[in-house]
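Student: Take a look at the following structure, please.
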Amino acid sequence: MNKGKVYLVGAGPGDYGLITLKGLDCIAKADIIIYDRLVNRDLLKNAKPGCEFIYVGKKSSNHIMAQDKINETIAENAACDKIVVRLKGGDPFVFGRGGEEAEVLYDQGIDFEIVPGVTSSIGGLAYAGIPVTHRDFASSFHVVTGHAKKDDSLDINWDSLAREKGTVVFLMGIGNIKHITEMLVTHGRDPKTPVAFVSNATNYRQRTVKTSLEDAYDCVRREGIKAPSLFVVGGVVGLSDKLGFYERKPLFGKTIMVTRTRKKNSDLRQKIDELGGKTFELPTIDIKDKENVGRILLERLKRKTYSHIVFTSHNSVDIFFKSLIKEGYDFRGLAGFRIASVGSATSRAIRKYGFIADIESSQSTGQDLAKLILKDIREGGFDSPSVLFPCSEIASRVMEEVMESGQVDLDRVDLYTNTVNMDIKDELLDILKKEDIDYITFTSSSTVKYLVEILGDDKDLIRDIKKVSIGSVTSQTIRDLGFDLDIEADQASIDSMILAILEDVNK
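Heads up: the sequence shown runs through residues 8 to 514, numbered per the numbering used here.
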């Protein structure tokens, strides 16, 4: 029995967050993903290791792969007992040829499911503040393809469509806009009817241009409107001034490169996305646990009672607790320890494991935290203070030096390696050459050093991009490597970095 299966999945109109939960589940279990041009490629990062990607994008008459060949590719892979995801922009059954693909699968006896998506004809217009229905303007809507079969005219009942008082939405209609507008006016639609073009709907390049039906063709040429664009006709267009929330977001249109590890990127990406910005995740760091760290930590904690534990990064927190959990450690043994943390993000990571930092440095430097620990030791009257310092193998020696100066015993345990992630080089160069990046964020000196190392002779590609640092040590590394520092966060936190970017945007 064939175990292969095909999921025809709608990826939504472009915004990463508009795919369904079921759609994400399908991506995560796929052996092969066959995807279109308008799919947000960040969605592909949810695929499992080893998943194969096949691009079959189409742009007007320029097709990477003909539809018959696409059908054949889907069926052949499913017949080889593969889980195949056919990932399509919008909804697979709304001018996405999903029906044709499903018919082929049915005829060949291949198991399949349809996973609906948010169609751009509704979701894309919503991001422009244009509802397809409204009690004062439209009690119905029509969605029409503006792209005909090869060598055919548009098969549309223009007389009926022109008399329709509701909203009319054309998909893929820019190439035929002159014919579309002429036919609507010829068959009775008021030439003064409000219309709008929404280009690149729901992504950071979105642009909404409004005009009248009689001016639409000239507007396309005058404004340089190109596909992919929605063309909407009707009174609801006038609501966009009030309801157009997306293009009013404070970081709308801004592009921000994030260089920290992908595991830690989610919080930063979500906050930037919420503010309307576009993130490009290029993790310059590769984090790997060192061998036997759980046993090493367990031995240290059994052998010695510490007064303080110091965490200077989110990674050290996660690896410390997860390693001890694997070893079956009873965390009640940490009850008398004072916990010290660099920055609010590290403190939040500690709270995830049921502990609260007693000492928190608002600065991103180990030296500042070390001084706070010495102050805490002096004021706390500890008889024989000692510090456990779980950290990266490339962590600065400043903590040891300051503790030594204060005659405080410190045990350092290197939990993980922190190395350059050369795997991103091709993607990084491609983005820097194709995209206009506004900001690059750096959350540690390593992110700066490794980015420059990855770029090599191409490092001047980032020369004119604004550089955002989490704190003074990272800022100095940026300068030491020959670049100007543009923005430094007031505190060592993601929220502070974003606030600094917002302040720069509003200058």
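Backbone N, C-alpha and C fix where the C-beta goes; we use that ideal spot for every residue, glycine too.
What you are looking at is a predicted structure, and each value in this text was computed from that prediction instead of being measured.
My parser needs the beta strand (DSSP E) runs of 3 or more residues fully inside the segment 425-491; what are they?
Tutor: Segments of the beta strand (DSSP E) lying fully in the segment 425-491: 446-449 and 473-476.
Student: Buried or exposed: where does A356 fall if 16 or more other Cβ atoms within 10 Å of its Cβ makes it buried?
Tutor: Buried.
Student: Identify whether Y42 lies in helix, strand or coil by the three-state DSSP scheme.
Tutor: Three-state result, Y42: strand.
Student: Taking 8 Å as the cut-off, decide whether the C-beta atoms of V46 and A18 are in contact.
Tutor: Yes, the pair counts as a contact, with Cβ atoms nearer than the cut-off.
Student: For K36 and A109, what's the separation of their Cα atoms in angstroms?
Tutor: Distance between the alpha carbons of K36 and A109 is about 20 Å.
Student: To the nearest angstrom, how far is it from the Cα of V317 to the Cα of P397?
Tutor: In a straight line, the C-alpha of V317 is about 7 Å away from that of P397.
Student: When the distance is taken between beta carbons, is L275 closer than 8 Å to I431?
Tutor: No, the pair does not count as a contact, with Cβ atoms beyond the cut-off.
Student: Can you give me the Cβ contacts of K12 inside the same chain, cut-off strictly under 8 Å, excluding the 5 residues immediately before and after it?
Tutor: Once the five neighbours on either side are set aside, the close Cβ partners of K12 are A85, I90, V91, I117, D118, F119 and E120.
Student: Provide the residue span of the beta strand (DSSP E) that contains S6, from first to last.
Tutor: With the chain running from 8 to 514 in the structure shown, residue 6 is simply not present.
Student: Alpha carbon to alpha carbon, how far is G350 from M179? Give it in angstroms, no decimals.
Tutor: So the alpha carbons of these two residues sit roughly 49 Å apart.
Student: For S452 and M264, I'd like the C-alpha separation in whole angstroms.
Tutor: Distance between the alpha carbons of S452 and M264: 16 Å.
Student: Can you tell me whether DSSP reads M190 as helix, strand or coil?
Tutor: Helix.
Student: Assign E107 to one of three DSSP states: helix, strand, or coil.
Tutor: Helix, per DSSP.
Student: Output the distance between the C-alpha atoms of K329 and S399, rounded to the nearest integer angstrom.
Tutor: So the two alpha carbons sit approximately 15 Å from each other.
Student: Measuring alpha carbon to alpha carbon, tell me which of Y134, L161, S128 and I137 ends up nearest V150.
Tutor: Residue S128 is the option with its Cα nearest to V150.
Student: Can you give the beta carbon distance from T209 to D445, rounded, assuming they're within the 8 Å contact cut?
Tutor: Wrong, their Cβ atoms sit about 20 Å apart, outside the cutoff.
Student: Is Y23 helix, strand or coil by DSSP?
Tutor: Three-state result, Y23: helix.
Student: What separation, rounded to the nearest whole angstrom, lies between the Cα atoms of P257 and Q213?
Tutor: Distance between the alpha carbons of P257 and Q213 is about 14 Å.
Student: Terminal residues of the continuous alpha helix (DSSP H) containing D511?
Tutor: Counting along the chain, the alpha helix (DSSP H) containing D511 begins and ends at I501 to V512.
Student: Would you call the segment 141-148 and the segment 170-187 touching, i.e. three or more CB-CB distances under 8 Å?
Tutor: The segment 141-148, when compared against the segment 170-187, does touch it at the 8 Å Cβ threshold.
Student: Measuring alpha carbon to alpha carbon, tell me which of G335, S236 and N164 ends up nearest E306.
Tutor: Closest by alpha carbon: G335.
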